[in-house]
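*Asks:* Residue numbers (my numbering), protein chains in the order written: chain A, 1 to 164; chain B, 1 to 164.
2 protein chains.
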Amino acid sequence: MSTPAGHDDSLFGRRETVEQVEEGRDLAPKFDDRGLIPCVTTDVHTGEVLMVAVMNPEALAKSIETGEAHYWSRSRQVLWHKGATSGLVQRIVEMRIDDDQDCVWLRVEVAGGASCHVGYRSCFYRRVPVGAERRAGAGLEFVEREKAFDPKAVYGDAPNPTQL
Amino acid sequence: MSTPAGHDDSLFGRRETVEQVEEGRDLAPKFDDRGLIPCVTTDVHTGEVLMVAVMNPEALAKSIETGEAHYWSRSRQVLWHKGATSGLVQRIVEMRIDDDQDCVWLRVEVAGGASCHVGYRSCFYRRVPVGAERRAGAGLEFVEREKAFDPKAVYGDAPNPTQL
Numbered sequence: 001m002s003t004p005a006g007h008d009d010s011l012f013g014r015r016e017t018v019e020q021v022e023e024g025r026d027l028a029p030k031f032d033d034r035g036l037i038p039c040v041t042t043d044v045h046t047g048e049v050l051m052v053a054v055m056n057p058e059a060l061a062k063s064i065e066t067g068e069a070h071y072w073s074r075s076r077q078v079l080w081h082k083g084a085t086s087g088l089v090q091r092i093v094e095m096r097i098d099d100d101q102d103c104v105w106l107r108v109e110v111a112g113g114a115s116c117h118v119g120y121r122s123c124f125y126r127r128v129p130v131g132a133e134r135r136a137g138a139g140l141e142f143v144e145r146e147k148a149f150d151p152k153a154v155y156g157d158a159p160n161p162t163q164l
Numbered sequence: 001m002s003t004p005a006g007h008d009d010s011l012f013g014r015r016e017t018v019e020q021v022e023e024g025r026d027l028a029p030k031f032d033d034r035g036l037i038p039c040v041t042t043d044v045h046t047g048e049v050l051m052v053a054v055m056n057p058e059a060l061a062k063s064i065e066t067g068e069a070h071y072w073s074r075s076r077q078v079l080w081h082k083g084a085t086s087g088l089v090q091r092i093v094e095m096r097i098d099d100d101q102d103c104v105w106l107r108v109e110v111a112g113g114a115s116c117h118v119g120y121r122s123c124f125y126r127r128v129p130v131g132a133e134r135r136a137g138a139g140l141e142f143v144e145r146e147k148a149f150d151p152k153a154v155y156g157d158a159p160n161p162t163q164l
């Protein structure tokens, strides 16, 4: 059934028992008290985690229907078709859901190869030293040496989504 | 400086500018309004996403100090040293932080090879059909055929963390 939000509500089943949610074949996602579900997105070729974002029901439904990643933008409070501005569309090769169905994993192919608004391939371009290395006082280390694109050329004067 | 929470507060820097947070070498994580930061954990050998959980400052500090994954258990409301009950400890091979430092990625080696309370290797053991396959009416598909361990043998009568 189509809803005022514009997505097919029959995509999502009801959560009735723990066994159904954990061991069943119904997609019965749990959105949190803000109506959102977190989503991890990895590069299908390298396995690298590209980004972690959230989806509302409409974004999850659009992702399923179109095979392209849609998120909910918390900074802009809009449905966010990734790549609509930058051209860096994420084609979904595989979508997975976790045991209690409160988290989504997308394995994607990225047009242009980059996903991070700062210009790097992955948002996770810095390593945090742990254990002995951290005790020796090491700071964050950049694991990507060069940006994949120039964010000013791609995003122009759009506001930076990073908040302090 | 050691705090009443028992972790070294000097591990975390202050968030002063967007440039420092995005392009600097200081670890200056952003915890949300509940004091939590999400964490994606992948298998360092297969690249598979094993789980997505949250950390409070103490869990993040303990993970950095010990090199073993610690989370905050929302269902039990305690610091959660992963594997303390099951033996399935996660040794951190690499920790990364994202652009705006509000998400952590752990690449781990898992003792026993499994991370999911249902008994599977990964919590993401089911695939969600998208696009044409979904339109053809396909349900969730199990990508792991067999459980890696018997959850009843490992967890006994501990309450199931899945909530409807």
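The beta-carbon is built from N, C-alpha and C at its ideal position, and this holds for glycine as well.
(1) DSSP on Y120 (chain B), reduced to helix/strand/coil?
(2) What do you get for R126 (chain B), buried or exposed, if any count of 16 or more other CB atoms within 10 angstroms of its CB means buried?
(3) Quick check: is the beta carbon of L88 (chain B) nearer than 7 Å to any beta carbon in chain A?
(4) Measure the alpha-carbon distance for A111 (chain B) versus T85 (chain B) and round it to whole angstroms.
(5) At a Cβ cut of 9 Å, what residues of the stretch 46-59 of chain B count as close to chain A, listed as they run along the chain?
(6) Along chain A, in chain order, which residues have C-beta atoms closer than 8 Å to that of G139 (chain B)?
(7) My understanding is that L60 (chain B) touches I37 (chain B), with C-beta atoms under 8 Å, so please give their C-beta distance in whole angstroms.
(8) How about V18 (chain B): is its C-beta nearer than 7 Å to some C-beta of chain A?
(9) Leaving aside the five residues before and after V154 (chain A) along the sequence, list all residues of the same chain whose C-beta is less than 6 Å from its C-beta, in chain order.
(10) In chain B, which residues lie with their C-beta within 8 Å of the C-beta of V108 (chain A)?
(11) Within the chosen definition, does the stretch 111-121 of chain A reach the stretch 74-93 of chain B through at least 3 CB pairs nearer than 8 Å?
(12) Am I right that V128 (chain A) and L27 (chain B) are in contact with their C-beta atoms under 8 Å? What's the rounded C-beta distance?
(13) Could you check how far apart the C-beta atoms of V108 (chain B) and D150 (chain B) are, in whole angstroms? I think they sit under 8 Å.
(14) Determine the contact status of K98 (chain A) and F142 (chain B), defining contact as a CB-CB distance below 7 Å.
(15) Mind checking if L36 (chain A) is an interface residue toward chain D, Cβ cutoff 7 Å exclusive?
(16) Let me confirm a value: D100 (chain A) is counted as buried when at least 16 other C-beta atoms fall within 10 Å, else exposed. Which label applies?
(17) Any C-beta of chain B within less than 7 Å: which residues of the stretch 126-138 of chain A qualify?
(18) Among A:E58, A:E94, A:E22 and A:I92, which residue has its Cα nearest to the Cα of L79 (chain A)?
(19) Assign H45 (chain A) to buried or exposed, taking buried as 16 or more other Cβ atoms, counted over all protein chains shown, within 10 Å of its Cβ.
(20) Following the continuous alpha helix (DSSP H) through Y155 (chain B), name the residue where it begins and the one where it ends.
(21) Suppose you measure from the CA of H70 (chain B) to the CA of I64 (chain B); what does that come to, to the nearest Å?
(22) Kindly indicate which three-state DSSP category R135 (chain A) falls into: helix, strand or coil?
(23) Counting contacts by CB-CB distance shorter than 7 Å, is L164 (chain A) in contact with chain B?
(24) On a Cα-Cα basis, can you pick out the residue from B:G139, B:D157 and B:E68 that is closest to E94 (chain B)?
(25) If you measure from the beta carbon of D33 (chain A) to each beta carbon in chain B, is any gap under 7 Å?
(26) Between R96 (chain A) and chain B, is any beta-carbon pair separated by less than 7 Å?
(27) Look up N160 (chain B) in the DSSP assignment and say whether it is helix, strand or coil.
(28) Could you tell me how far apart the beta carbons of V18 (chain A) and N160 (chain B) are, in whole angstroms, since I believe they sit closer than 8 Å?
(29) So, T162 (chain A) versus E23 (chain B), is the Cβ gap smaller than 7 Å?
(30) So, helix, strand or coil for P29 (chain A), using DSSP?
(31) Taking C-alpha atoms, which residue in B:R135, B:A138 and B:S122 lies nearest to E146 (chain B)?
(32) For S63 (chain A), which residues in chain B fall below 8 Å Cβ to Cβ?
(33) Could you please give me the residues that DSSP links to V49 (chain B) through a beta bridge?
(34) So who's on the other strand from R145 (chain B), going by DSSP bridges?
(35) Taking 8 Å as the limit between beta carbons, can you name the residues of its chain near R25 (chain A), skipping five residues before and five after?
*Replies:* With the structure as the only source:
(1) As a working mapping, residue 120 (chain B) is identified with position 120 in the second sequence. Three-state DSSP puts Y120 (chain B) in coil, outside helix and strand.
(2) The residue you call residue 126 (chain B) lines up with position 126 of the second sequence. Looking at its Cβ environment, which holds 16 or more other Cβ atoms inside 10 Å, R126 (chain B) is buried.
(3) Working through the second sequence from its first residue, we reach residue 88 (chain B) at position 88. No, L88 (chain B) does not count as interfacial toward chain A.
(4) By one-based count along the second sequence, residue 111 (chain B) stands at place 111. By one-based count along the second sequence, residue 85 (chain B) stands at place 85. Rounded to whole angstroms, A111 (chain B) to T85 (chain B) spans 13 Å at the Cα level.
(5) Answer set for the stretch 46-59 of chain B: T46, G47, E48, V49, M51 and V52.
(6) Taking the second sequence and counting its residues from 1, one reaches residue 139 (chain B) at position 139. Correct list: R25, D26 and L27.
(7) Reading the second sequence from its first residue, position 60 is the one you call residue 60 (chain B). Reading the second sequence from its first residue, position 37 is the one you call residue 37 (chain B). Their Cβ separation, rounded to whole angstroms, is 7 Å, which keeps L60 (chain B) and I37 (chain B) in contact under 8 Å.
(8) What you label residue 18 (chain B) is simply residue 18 of the second sequence in a count that begins at 1. Chain A contact via Cβ: present.
(9) By 1-based counting over the first sequence, the position of residue 154 (chain A) is 154. Contacts found: S86.
(10) Looking up residue 108 (chain A) in the first sequence gives position 108. Listed along chain B is no residue with a C-beta nearer than 8 Å to that of V108 (chain A); the closest approach is about 11 Å.
(11) Segments in contact, no.
(12) Stepping through the first sequence from its first residue, residue 128 (chain A) is reached at position 128. Stepping through the second sequence from its first residue, residue 27 (chain B) is reached at position 27. Confirmed, Cβ separation roughly 6 Å.
(13) Position 108 of the second sequence, counted from the start, is the residue given in the question as residue 108 (chain B). Position 150 of the second sequence, counted from the start, is the residue given in the question as residue 150 (chain B). Going by Cβ atoms, the distance from V108 (chain B) to D150 (chain B) rounds to 22 Å, so no, they are not a contact pair.
(14) Taking the first residue of the first sequence as 1, we reach residue 98 (chain A) at position 98. Taking the first residue of the second sequence as 1, we reach residue 142 (chain B) at position 142. The sequence as given places Asp at residue 98 (chain A); Lys does not occur at that position. Going by C-beta atoms, D98 (chain A) is not nearer than 7 Å to F142 (chain B).
(15) Given the protein chain composition of this structure (A and B), no chain D is represented.
(16) Translated into the one-based positions of the first sequence, residue 100 (chain A) becomes position 100. Buried, because 16 or more other Cβ atoms sit within 10 Å of the Cβ of D100 (chain A).
(17) Under the 7 Å Cβ criterion, the stretch 126-138 of chain A contributes R126, R127, V128, V130, G131 and R134.
(18) Locating residue 79 (chain A) in the first sequence gives position 79, where the first residue counts as 1. Answer by Cα proximity: A:E58.
(19) Walking along the first sequence from the start, residue 45 (chain A) turns up at place 45. Around the beta carbon of H45 (chain A), a 10 Å sphere encloses fewer than 16 other beta carbons of the protein chains shown; the residue is thus reported as exposed.
(20) On the second sequence, position 155 is the one that residue 155 (chain B) refers to. Where Y155 (chain B) is concerned, the enclosing alpha helix (DSSP H) stretches over P151 to Y155.
(21) Walking along the second sequence from the start, residue 70 (chain B) turns up at place 70. Walking along the second sequence from the start, residue 64 (chain B) turns up at place 64. Going by the C-alpha atoms only, they are around 9 Å apart.
(22) Position 135 of the first sequence, counted from the start, is the residue given in the question as residue 135 (chain A). Annotated three-state conformation of R135 (chain A) is helix, per DSSP.
(23) Walking along the first sequence from the start, residue 164 (chain A) turns up at place 164. Yes, contact with chain B.
(24) Numbered from 1 along the second sequence, position 94 holds the residue referred to as residue 94 (chain B). Distances from the CA of E94 (chain B) to each of B:G139, B:D157 and B:E68 were compared; the closest alpha carbon is that of B:E68.
(25) Along the first sequence, read from residue 1 onward, the residue named residue 33 (chain A) stands at position 33. Chain B has no Cβ within less than 7 Å of the Cβ of D33 (chain A).
(26) Within the first sequence, residue 96 (chain A) is the residue found at index 96, counting from 1. Chain B contact via Cβ: present.
(27) For this step, residue 160 (chain B) is matched to residue 160 along the second sequence. N160 (chain B) falls in the coil class under three-state DSSP.
(28) The residue labelled residue 18 (chain A) in the question sits at position 18 within the first sequence. The residue labelled residue 160 (chain B) in the question sits at position 160 within the second sequence. That pair is a contact at about 6 Å.
(29) Residue mapping note: residue 162 (chain A) aligns to position 162 of the first sequence, counting from 1. Residue mapping note: residue 23 (chain B) aligns to position 23 of the second sequence, counting from 1. The answer is no: Cβ separation not under 7 Å.
(30) Within the first sequence, residue 29 (chain A) is the residue found at index 29, counting from 1. Coil at P29 (chain A), not helix or strand.
(31) Counting from 1 along the second sequence, the entry for residue 146 (chain B) is found at position 146. Taking each of B:R135, B:A138 and B:S122 in turn and checking the Cα distance to E146 (chain B), the smallest one comes out for B:S122.
(32) Residue numbering aside, residue 63 (chain A) sits at position 63 when the first sequence is read from its first letter. The answer, in chain order, is V130.
(33) Sequence index remark: in the second sequence, residue 49 (chain B) carries index 49 (1-based). Partner residues in the beta bridge of V49 (chain B), as assigned by DSSP, are B:T42.
(34) Locating residue 145 (chain B) in the second sequence gives position 145, counting from the first residue. Note: R145 (chain B) sits in no beta bridge, so no partner.
(35) The residue labelled residue 25 (chain A) in the question sits at position 25 within the first sequence. Nothing meets the Cβ criterion.
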